[in-house]
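Numbering (the numbering used here), first residue to last: -13 to 543. Some notes on the structure that comes next.
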């Protein structure tokens, strides 16, 4: 019976891929895809007794405490919300989630469907899940932020389980607390940015890979492979999952020297393809959106990078460019005004505040030494190294958001000194715990202050302010956004409170000037006002220019 589940899963997957390849897509294929995954799970659990220990445990103050600890990162992020603080990309992705009709688009294609609307395309998974969240909680600016909180909770839970499995439960609690207050993590996760979803799914994948390391059986291999596939359905940061899995099984083969390791690796790869193959088929046949972002930001070959031209002209070499990027990435950890770009500027601060930097260095050194008795720590360092490589091999200056997958793993490294401190049985227990609490609270205070410093000046999102101004002072009009196709004002306006515009249209200034109609009730949102305010005013002397900022003006009658 077990092999039947396996064969059915494979056959369903083949059928789905044939339909996608032949352009015979139907929304029903989504359910077939889910069914193929379910049958693969049935195959892995058939004949096995899977224990879920927490269902058999009685409620106690201890478990209430642990539950609250796991919720702490989410609570801290919500407490640090600033109503009008958004990056912009978070509102763009939320707009696509809210407006795309998932019954009419190919679920295995990329979002947004219209490439002009954003700089890149991504798999549908995050957008579909966010759409479900909006159905229950509405489409507001607050719900955009709250829609990523479930991912924060997943990360916290997995972080706790990972550290408990490698070190112990006390250190697991500390690691979650450190993650809750890590300033750079707070900075990114108090918006609604979608790359946190990749961090969440990768931590789940990592935990089951760790269980596979300890148990080496077909169940954990299949689950690990399935989760590895899901790592490719959110954001690019978790694309390290497959090379990580290959290295993981290679090390396990060296450790156990058993043929069963290779068998389980093959099962994991098959499970990986069960999840990902329809997406790969679509990418191969029609549009490989998986590489769209990498093709832009890659240091050596990206369309946004000038490095390849420098190398082609003989002004530099590949090795020198990698070395320079490595040096500047390392400097960004402790020097201000080095790292952060693309709007994720982190206040142009260093990645670590000073206290956290020293704690990280101590954790890194002691963690390397601890690998000899806690070998699983090598996977923590390996993940962090992969994430750091993503920052090094992307266009400078160093982009902290491309290092975001490492945030929970950095928290593990930061927790290692506390593990050692609490393990010193030669020292009085009260002293150990007192010192530990003092250092943790010191870390919490410094990181909270560092976060507040990083967001100074980010509490004013122009498009939100303009949207509210139009709704309150210029209601019921056609809004024309004089910018360029794909400009994001309409996406921001969609979530504005009390939106009441008749329509909203985005286009180039010249097109609006050519087709200007002074007889309608209009409002134009104009970028580059210094160059275009006068031109619009000449078309309707009765219209009024409202200067919002150096980058924005409104023109209305």
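A virtual CB, placed ideally from N, CA and C, is assigned to each residue, including glycine.
When rounded, the separation of the alpha-carbon atoms in residue 138 and residue 459 is 38 Å.
Residue 202 sits in coil when the DSSP states are folded into three classes, being neither helix nor strand.
Comparing alpha carbon positions, the residue from 510, 404, 536 closest to residue 525 is 510. For residue 468, the closest alpha carbon among the candidates 423, 444, 540, 478 is that of 540.
Between the region 154 to 167 and the region 192 to 211, the count of Cβ pairs shorter than 8 Å is below three; the stretches do not touch.
Nearest neighbour of residue 329 by Cα position, chosen from 5, 316, 74, 348, turns out to be 74.
Look at the region 455 to 498 and you find these whole runs of beta strand (DSSP E), each 3 residues long or longer: 464 to 469, 489 to 494.
Within the DSSP bridge table, the entry for residue 509 names 465, 542 as partners.
By the neighbour-count criterion, in which a residue is buried when 16 or more other Cβ atoms sit within 10 angstroms of its Cβ, residue 166 is buried. Separation of residue 427 and residue 292 (C-alpha to C-alpha, rounded to the nearest whole angstrom) is 44 Å. Judged by DSSP secondary structure, residue 519 falls within the alpha helix (DSSP H) whose first and last residues are 515 to 525. When the beta-carbon positions are compared, residue 482 and residue 450 come within less than 8 Å of each other.
For residue 297, the uninterrupted alpha helix (DSSP H) run begins and ends at 293 to 298, by DSSP. One thing to note: residue 534 has its Cβ no nearer than 8 Å to the Cβ of residue 444. The Cβ atoms of residue 69 and residue 127 sit closer than 8 Å to each other. DSSP places residue 62 in the uninterrupted alpha helix (DSSP H) bounded by 47 to 65.
A Cβ-Cβ distance of about 24 Å is found for the pair residue 108 and residue 193, leaving them out of contact under the 8 Å criterion. Counting C-beta pairs closer than 8 Å gives fewer than three between the region 221 to 237 and the region 50 to 63, which falls short of the contact rule. In this structure, the straight-line span from the alpha carbon of residue 182 to that of residue 436 is close to 21 Å. From the listed residues 250, 456, 83, the smallest Cα separation to residue 508 is found for 456. If you ignore the 5 residues before and after residue 532, its C-beta comes within less than 6 Å of the C-beta of 540, all in its own chain and listed in chain order.
Around the C-beta of residue 3, 16 or more other C-beta atoms lie within 10 Å, and the residue is accordingly described as buried. Beta-bridge partners of residue 443 (DSSP): none assigned.
Burial state of residue 169 is buried, judged by a 10 Å Cβ sphere holding 16 or more other Cβ atoms. For residue 78, the closest alpha carbon among the candidates 543, 476, 512, 515 is that of 476. Residue 352 and residue 406 have their C-alpha atoms roughly 9 Å apart.
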